[in-house]
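In the working numbering, the protein residues as written are 5 to 607.
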């Protein structure tokens, strides 16, 4: 195909800038031999003008080439993504190669919108597209370009399009498109409204400009003005997800190829482990490996890459105290359900192969202190997942639209750190039944519920983002949350029975030195109706009381035994009295006051 021949190598590019989302700018080098002629459908028949190659000053080119030695990009460098590359080839063929034929048929197409999560490679792909088809790349630096013309946004937009027209064949690329094409109904400034209006006018005026392809990229598709992205302005909407295995392998090899490295690198093995990693995150790993190699005075080795990978994973995963199944005292059926959820989070493919649609969330219900938060943390710890915990205070804002934006940003962050668990504590405060009132506050709450539902509907087993909601008032939840595919799986966490309380007391006191007089079975029998949190508080206070008693007896800290003081029955009784004076819950359970209990009579 001609697009993959001379036209695809008409220009030579080098990567010259790198930002947090990956490659940002490509500078074109002067070819060492004349570029192949463009097809007639791309050439401008009556005018051969503005030799673009001479516009870039040689000194600037030399400075840019010295920044890095990475090789040129192109579709050959974009491993995998075969369906995406085929679709782009088809689009460019319509816009350029078969332009005259399309015109005869009345087919007018232009405008490609690339959207997807941050760091997935949208900018890189646009740059590779320009090189692949021999197009001059004009990347719009939005902030700097628009600020130059403060108060004159329409003029700034017009100049950008005229510049692109003067450089055809040209790919005009708008990165972070939402910054310039934001929804007008969201109440932007007058300058922003004028900017969007000017953008609409220029898109319409240059839609049929020969040799001009308009491409935009965003990770906030929902924030774009519908008038800007409708058909007739952006005819093609292409989603770019995180790279597949072939793409990850190609990215690794491309990033490493320009740096000192040993020949035998286990990049294929690493690429397999980097599933669900964004392009930007892969680059971060290679950069860390290169830094470690440089400091050691060695070329990059597999152990450098593996260490950088482990450090990256550790930094993004659950960072709390390591918890395991032994830290959960639950009925067997509840623990089995949670272990099944663990398998779904770790390997959703196994569940899909059984013909079962994996759940995207669960609801934990039960009284306060029953251990719902601990369960969520154990799941995060056991699955080595990123853990995002939020409450209503983290979501709601007094500013219009900001609450919904916080929900979107929460899910966006989770998608970049998969596998991920989003834990919504007291979910009834953010997922309350809709339509209960008509005030402004009620409508704002309904909008937040709608945003949560929309984001959860966007989750599937391939997303590897799991939502856990916790509540002690499930009757307040909007029923839409409890449908299959959202929080359809409900696990009720009941108060522990006698054996559960005994196991909890043993767990919470296992690091204590208990006096022979302490009878945990008797304590379990006397605490009917107690939650796990209350039992943990009881043991903690009892241990503290033993330490204070020992210090008072010795007078100075160094005299205390290295193994710690023994916790006695009296320490537990004092702990109960302290809990009773600060918390009404002990009086609501079956724990009898110490003077009325049989605790004193225990041997």
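From the three backbone atoms N, C-alpha and C, an ideal C-beta is built for every residue, glycine too.
N- and C-terminal bounds of the beta strand (DSSP E) containing residue i
{"i": "residue 222", "result": "216-222"}
{"i": "residue 365", "result": "365-369"}
{"i": "residue 271", "result": "Residue 271 -> not in any beta strand (DSSP E); alpha helix (DSSP H) instead, spanning 271-277."}
{"i": "residue 535", "result": "Segment: none, residue 535 is in no beta strand (DSSP E) and carries neither H nor E."}
{"i": "residue 391", "result": "390-394"}
{"i": "residue 241", "result": "240-243"}
{"i": "residue 116", "result": "116-119"}
Where residue i sits in the DSSP three-state scheme
{"i": "residue 494", "result": "strand"}
{"i": "residue 474", "result": "strand"}
{"i": "residue 109", "result": "coil"}
{"i": "residue 542", "result": "helix"}
{"i": "residue 176", "result": "strand"}
{"i": "residue 328", "result": "coil"}
{"i": "residue 143", "result": "strand"}
{"i": "residue 308", "result": "helix"}
{"i": "residue 266", "result": "coil"}
{"i": "residue 82", "result": "coil"}
{"i": "residue 204", "result": "helix"}
{"i": "residue 55", "result": "Bear in mind that a pLDDT of 41 at residue 55, under 50, signals an unreliable position, so the model cannot answer this."}
{"i": "residue 551", "result": "helix"}
{"i": "residue 499", "result": "coil"}
{"i": "residue 89", "result": "helix"}
Proximal residues to residue i (C-beta, below 6 Å), its chain only, five neighbours per side dropped
{"i": "residue 588", "result": "Bear in mind that the predicted position of residue 588 carries a pLDDT of just 48, short of 50, making it unreliable; the figure below should be weighed with that in mind. So no residue of the chain qualifies."}
{"i": "residue 576", "result": "546"}
{"i": "residue 78", "result": "132, 135, 136"}
{"i": "residue 369", "result": "475, 478, 496"}
{"i": "residue 292", "result": "312"}
{"i": "residue 241", "result": "117"}
{"i": "residue 482", "result": "435, 437, 438, 453"}
{"i": "residue 410", "result": "399"}
Contact test: residue i Cβ vs the ligand ATP heavy atom, cutoff 7 Å
{"i": "residue 89", "result": "This structure simply doesn't include the ligand ATP, nor any ligand for that matter."}
Residue i, enclosing alpha helix (DSSP H) - first and last residue
{"i": "residue 515", "result": "From DSSP, residue 515 is part of no alpha helix (DSSP H); its letter is neither H nor E."}
{"i": "residue 572", "result": "Premise fails: residue 572 is in no alpha helix (DSSP H) and is neither H nor E."}
{"i": "residue 287", "result": "283-300"}
{"i": "residue 486", "result": "Note, residue 486: premise wrong, no alpha helix (DSSP H); not H, not E."}
{"i": "residue 249", "result": "249-261"}
{"i": "residue 384", "result": "376-387"}
{"i": "residue 171", "result": "Segment: none, residue 171 is in no alpha helix (DSSP H) and carries neither H nor E."}
{"i": "residue 185", "result": "No alpha helix (DSSP H) contains residue 185, which DSSP labels as neither H nor E."}
{"i": "residue 525", "result": "524-530"}
{"i": "residue 362", "result": "Careful: residue 362 lies outside any alpha helix (DSSP H) and carries neither H nor E."}
{"i": "residue 337", "result": "336-350"}
{"i": "residue 226", "result": "Here residue 226 belongs to no alpha helix (DSSP H), and DSSP marks it neither H nor E."}
{"i": "residue 136", "result": "126-136"}
Cutoff 8 Å; reference residue i; Cβ partners in own chain excluding five residues on either side
{"i": "residue 317", "result": "388"}
{"i": "residue 174", "result": "139, 140, 141, 142, 168, 215, 216, 217"}
{"i": "residue 271", "result": "253, 256, 257, 260, 309"}
Other residues of its chain near residue i: CB distance less than 7 Å, five sequence neighbours each side excluded
{"i": "residue 408", "result": "451, 452, 455"}
{"i": "residue 449", "result": "436"}
{"i": "residue 345", "result": "366, 383"}
{"i": "residue 212", "result": "112"}
For the segment 397-467, list the beta strand (DSSP E) runs that are entirely contained and at least 3 residues long, ordered along the chain. Runs found: 424-428.
Are the segment 157-171 and the segment 244-259 touching, with three or more C-beta to C-beta distances below 8 Å? No, the segment 157-171 is not in contact with the segment 244-259.
Check whether the segment 118-129 touches the segment 277-286, taking contact to mean three or more Cβ pairs, one atom from each stretch, closer than 8 Å. Note that the segment 118-129 touches the segment 277-286; at least 3 beta-carbon pairs, one per stretch, sit closer than 8 Å.
I want to know whether the segment 485-496 touches the segment 542-551 - three or more CB-CB distances under 8 Å. Touching, no, given that fewer than three Cβ pairs across the two stretches are closer than 8 Å.
Is the segment 505-517 touching the segment 340-351, taking contact as three or more C-beta pairs under 8 Å? No, they do not touch.
Would you call the segment 408-428 and the segment 467-480 in contact, with 3 or more CB pairs under 8 Å? Pairwise C-beta distances place the segment 408-428 in contact with the segment 467-480, as three or more of them are shorter than 8 Å.
Inter-stretch contact at 8 Å, needing at least 3 Cβ pairs: the segment 258-266 / the segment 296-307: Judged by Cβ distances under 8 Å, the segment 258-266 makes contact with the segment 296-307, as three or more pairs qualify.
Is there contact between the segment 391-402 and the segment 426-436, where contact requires at least three CB pairs shorter than 8 Å? Under the Cβ criterion (8 Å, minimum of three pairs), the segment 391-402 counts as touching the segment 426-436.
Decide yes or no for the touch test of the segment 220-228 against the segment 171-187: beta carbon pairs closer than 8 Å, at least 3 of them. At 8 Å Cβ cutoff, the stretches touch.
Counting pairs of Cβ atoms below 8 Å between the segment 524-542 and the segment 495-509, do you hit three or more? A contact between stretches requires three or more CB pairs, one per stretch, nearer than 8 Å, and the segment 524-542 meets this requirement with the segment 495-509.
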